[in-house]
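For the sequence shown, position 37 matches number 37 in full-length UniProt numbering, and the numbering has no gaps at all. Think of the CB as a built atom: it goes at the ideal place given N, C-alpha and C, for glycine as much as any other residue.
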Amino acid sequence: MQENKPTHHKLTILAISISLLALVIIWNPFNLGVSKDPDVQGATSTIEPPDQSVHEIVITDNNGVSSTFIMEHVGGESAYDTLIRTDYDFDELTLEFEEYEFDGVSSYFLTTINGYTPDTNVAYWEFQVNGEPSFTGLADYMMQPGDDISFNVVEL
1 MQENKPTHHK
11 LTILAISISL
21 LALVIIWNPF
31 NLGVSKDPDV
41 QGATSTIEPP
51 DQSVHEIVIT
61 DNNGVSSTFI
71 MEHVGGESAY
81 DTLIRTDYDF
91 DELTLEFEEY
101 EFDGVSSYFL
111 TTINGYTPDT
121 NVAYWEFQVN
131 GEPSFTGLAD
141 YMMQPGDDIS
151 FNVVEL
């Protein structure tokens, strides 16, 4: 019995196509979401975790204008140390502190940012860590990886 040539060619083309598709899936040159790790087979992610090696320092001035400065995390560094580095690294930022001593330990209070000093009878620069007011002083708060700090004028 003689084979139908068009059917034979169709089967050959189909077999070659399936073989090529199998090779592409195994080789995965286009990163089709196939992982070599059996625990994440088929899993893909476009969401990256926050960068824990940097800090955002956000300063909102008395006019409500915010400036953000990105600083690398340095282990064992206080918020005060991070602010001193930020002030040193960015010409557009000027910080002034007052030093206080309690029981032989120095503490620092941020008094002036970029030439603005709030009237301490009615306002102050509030220190926040990760969006929450800090009840720890600048020199005592030890920066953790990924911490963000901010300052804004708060009226009493």
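Other residues of its chain near residue i: CB distance less than 7 Å, five sequence neighbours each side excluded
{"i": "V153", "result": "N62, P118, A123 and W125"}
{"i": "R85", "result": "M71"}
{"i": "residue 157", "result": "Residue 157 is absent from the structure shown; the chain starts at 1 and stops at 156."}
{"i": "L156", "result": "V122 and A123"}
Cβ shell of residue i (< 6 Å), same chain only, five flanking positions each side left out
{"i": "Y80", "result": "Y108, L138 and A139"}
{"i": "L32", "result": "For L32, the predicted structure reports a pLDDT of 46, less than 50, and the residue's modelled location is therefore unreliable. A value from the coordinates is still provided. Excluding sequence neighbours, L32 sits near nothing in its chain."}
{"i": "T60", "result": "S66 and N152"}
{"i": "T111", "result": "E96, E98 and T117"}
{"i": "K10", "result": "none"}
DSSP beta-bridge partners of residue i
{"i": "F97", "result": "L110"}
{"i": "V54", "result": "E72"}
{"i": "F151", "result": "I59 and F127"}
{"i": "Y116", "result": "I113"}
{"i": "F102", "result": "V105"}
{"i": "E92", "result": "According to DSSP, which records beta bridges pairwise, E92 is partnered with nothing at all."}
{"i": "residue 186", "result": "A query on residue 186 cannot be resolved here, the shown segment of the chain reaching from 1 to 156 and no further."}
{"i": "M142", "result": "S78"}
Member of the options whose CA lies at the smallest distance from the CA of residue i
{"i": "S67", "options": "Q52, G75 and I57", "result": "I57"}
{"i": "S150", "options": "F135, T136, N130 and M142", "result": "N130"}
{"i": "G76", "options": "Y141, T111 and F127", "result": "Y141"}
{"i": "M143", "options": "S78, K10, L11 and G64", "result": "S78"}
Cβ separation of residue i and residue j, assumed to be a contact under 8 Å, to the nearest whole Å
{"i": "P133", "j": "S53", "result": "That pair is no contact at about 25 Å."}
{"i": "F69", "j": "F97", "result": "Contact flag wrong, Cβ pair sits at about 17 Å."}
{"i": "D148", "j": "H55", "result": "6 Å"}
Beta-carbon proximity list for residue i, same chain, < 8 Å, skipping 5 on both sides
{"i": "D87", "result": "L93, T94 and L95"}
{"i": "E101", "result": "S107"}
{"i": "Q128", "result": "S134, I149, S150, F151 and N152"}
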